[in-house]
Amino acid sequence: MPDKKSEKEKLCRYRNCLHENRVLGQDEGVMCGNLYYHTDCLKTKEEIKEIIVLFTERINPNPIYAQLQRVIDNIVFNKGIGSEFLLFGLRYYIDNKIPLNYPQGLYYVIQNKNMSESYNKRKSTMMKSKIEIREEKKSTFVHIPIKHNDVSDIFK
């Protein structure tokens, strides 16, 4: 007799699932603990956790957690800015020792032109490193001259 759990459809358990349909396909889901997620939903969830940890460890050890979470959710889900971009921006601010004292300062992080230029440079170098040129089949060039009709052909 088949198990009831295996008969059920797997659902993405991320509360802010990025997909229209939360149902996971056969090979689509990733298991984390006892829960299944879409791969990009799990990546977003982990990046948001890392943003919170970085903020509390390196910027402000005692932020109002609900306020920090609300700002991050607003930036990532309402404004549509990727969590990867926000995480890079926060690391950029920490590495360059740019002052940031409160959660609302994250809005300034995503608007910083120097940071966004640095992010785009990093992204382009990563894209260049992923591009591979492959030669699968060697082709040879063969020239076949085309016979042209001209005035000298008339006299032959």
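For the sequence shown, the residue numbers in our numbering are 1361 to 1516.
Quick reminder that beta carbons are idealized off the backbone N, C-alpha and C, glycines included.
None of the values given here were measured: they were computed from a predicted structure.
- When Cβ pairs closer than 8 Å are counted between the two stretches, the region 1377-1396 is seen not to touch the region 1438-1453, the count staying below three.
- Note that the C-beta distance between Leu1402 and Ile1454 is not below 8 Å.
- Here DSSP, grouped into helix, strand and coil, assigns Leu1460 to coil.
- Boundaries of the alpha helix (DSSP H) harbouring Cys1401: Thr1399 to Leu1414, taken from the DSSP string.
- In this structure, the CA atom of Glu1410 is about 53 Å from the CA atom of Thr1500.
- According to the DSSP assignment, Val1390 belongs to the beta strand (DSSP E) that extends over Val1390 to Cys1392.
- The closest CA to that of Asn1376, considering only Ile1470, Asn1422, Lys1483 and Gly1440, is found on Gly1440.
- Going by C-alpha positions, Asp1400 is about 51 Å away from His1503.
- Secondary structure of Val1383 (DSSP, three-state): strand.
- With respect to the 8 Å criterion, Ile1432 and Leu1466 are classified as neighbours on the basis of their beta carbons.
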